[in-house]
Ligand SMILES: [Zn+2]
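In the UniProt record's numbering, the protein residues as written are 1 to 199.
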């Protein structure tokens, strides 16, 4: 998935040419015929850190952007999919390993002022191994394996990845799923810091 986007010239709902107007103190494209407003373009990605016996699971990217770089497994969240389900799916697809999310331990936010680039947010989970054997997805992964932190430092790896791995070398709790909260929306989930949850 590309991080680039093209602004609509016509309303995606009714096909009327869009107009530019000030809404909430921002210039936005909106439709003079229906209620459509272009609120911007966002993409949401997830990554998973899985430690097992003192080593962390990494994959080497098979294609650009970042071909040859080692990173944690992950990818983009599908429409209608929870972020937790997305990292479980991506990790299993890329590595053959089934794991469950423990907590959110990092978040990288990358806004954009440019109309052709999406605002990109990436959420990093700490994962727990369930089952599976290593099997690289050939379309996306050229190599994979478990590495000690010292080995990670010698690989071609981004400082974001290395920083997140270092942050959860020892068990770090982060944001955990609160299943007690009564949320609006059937698919809603809430991650928050630990507290005595009895609402
Ligand atoms: Zn319209």
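Don't be surprised by glycine CBs; every beta carbon is placed ideally from N, CA and C.
Requested in this report: Output the residues surrounding ligand 1, defined as those with a CB atom closer than 6 angstroms to any ligand heavy atom, in chain order.
Outcome: Residues flagged by the Cβ proximity filter: 11, 13, 14, 16, 31, 33, 34 and 36.
Report task. Only counting runs of 3 or more residues, tell me where the beta strand (DSSP E) segments fall wholly within the UniProt domain "Nudix hydrolase" (41-169), in order along the chain. Result -> Every beta strand (DSSP E) of 3 residues or more that sits fully in the UniProt domain "Nudix hydrolase" (41-169) is shown, in chain order, as 42-52, 55-61, 74-76, 98-110, 119-131 and 141-147.
Query raised in the report: Closest Cβ-Cβ distance between residue 23 and chain D: below 9 angstroms?
Result: As a matter of chain content, chain D is missing from the structure shown, which is built from one protein chain.
Query raised in the report: Considering residue 201, what are the terminal residues of the beta strand (DSSP E) in which it resides?
Result: The chain is shown only over 1 to 199; residue 201 falls outside these bounds and no answer can be derived.
Query raised in the report: Thinking C-beta only, is residue 47 closer than 9 angstroms to residue 97?
Result: The Cβ atoms of residue 97 and residue 47 lie no closer than 9 angstroms to each other.
Query - Own chain residues within Cβ distance below 7 angstroms of residue 148, not counting five before or after - result: These residues qualify, in order along the chain: 54 and 55.
Query - Which of helix, strand or coil DSSP assigns to residue 199 - result: Note on residue 199: pLDDT 49, under 50, position unreliable in the model; no value is reported.
Query raised in the report: Can the beta-carbon of residue 102 be found less than 9 angstroms from the beta-carbon of residue 174?
Result: Judged by their CB atoms, residue 102 and residue 174 are nearer to each other than the 9 angstroms cut-off.
Query raised in the report: Count the other CB atoms within 10 Å of the CB of residue 74; is the residue buried (16 or more) or exposed (fewer)?
Result: It is buried - the Cβ of residue 74 has at least 16 other Cβ atoms within 10 Å.
Report task. Along the beta strand (DSSP E) that carries residue 16, what are the first and last residues, could you check? Result -> Run containing residue 16: none; DSSP gives neither H nor E here.
Query - Expected contact under 8 angstroms - CB spacing of residue 71 and residue 144 to nearest Å - result: That pair is no contact at about 10 angstroms.
Query raised in the report: Going straight from the alpha carbon of residue 41 to that of residue 5, what length do you get?
Result: In a straight line, the C-alpha of residue 41 is about 7 angstroms away from that of residue 5.
Report task. Ignore the nearest five residues each way along the sequence and tell me which others in residue 32's own chain have a CB closer than 7 angstroms to its CB. Result -> Around residue 32: 16 and 19.
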